[in-house]
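**Student:**
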Amino acid sequence: MAGEFILKGRVLSFTGSPFDGVPQDAARLDEAVVVGGGKVVGVGGFADLRAAHPR
Numbered sequence: 339m340a341g342e343f344i345l346k347g348r349v350l351s352f353t354g355s356p357f358d359g360v361p362q363d364a365a366r367l368d369e370a371v372v373v374g375g376g377k378v379v380g381v382g383g384f385a386d387l388r389a390a391h392p393r
C-alpha cells in the first residue's frame with residue numbers, strides 16, 4: 339500500500355495491566371512498527387512485517 343513505512347527498532351507494548359497477575363505477562367516486545375495514513379497499522383517481527391507490507 340502506498341504511504342506505508344516500517345520503523346525498525348525495539349517496540350514495547352502492553353497487553354494488560356502489570357498489576358493484574360504476573361507483570362511480565364502484561365508486556366510484549368516486538369521488532370518493528372508499520373505506519374500508514376498517520377496511524378500504526380501493524381506491530382511484530384521485522385521479517386513478518388516486511389513480507390506482509392512489501393514496498
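For what it's worth, our numbering labels the leading residue of the sequence shown as 339, then goes sequentially.
Where is the CB? At the ideal position from N, CA and C, for every residue including glycine.
As the structure is a prediction and not an experimental result, all values here were calculated from the model.
Under 8 Å, with one C-beta from each stretch per pair, do the segment 363 to 380 and the segment 340 to 351 reach the 3-pair mark?
**Tutor:** Judged by Cβ distances under 8 Å, the segment 363 to 380 makes contact with the segment 340 to 351, as three or more pairs qualify.
**Student:** Tell me which same chain residues have a C-beta within less than 6 Å of the C-beta of PRO356, skipping the five on either side of it?
**Tutor:** Taking the sequence shown and counting its residues from 1, the one referred to as residue 356 is at position 18. The residues are ALA364.
**Student:** Near SER351, which residues of its chain fall below 6 Å by C-beta distance, leaving aside the five closest residues on each side in sequence?
**Tutor:** Residue numbering aside, residue 351 sits at position 13 when the sequence shown is read from its first letter. Around SER351: ARG366.
**Student:** Quick check: what's the CA-CA separation for GLY354 versus ARG393?
**Tutor:** Residue numbering aside, residue 354 sits at position 16 when the sequence shown is read from its first letter. Residue numbering aside, residue 393 sits at position 55 when the sequence shown is read from its first letter. When rounded, the distance between both Cα atoms is 33 Å.
**Student:** If we count the other Cβ atoms within 10 Å of its Cβ and call it buried at 16 or more, is ALA389 buried or exposed?
**Tutor:** The residue given as residue 389 occupies position 51 in the sequence shown. The residue in question, ALA389, is exposed, as its Cβ has fewer than 16 Cβ neighbours within 10 Å.
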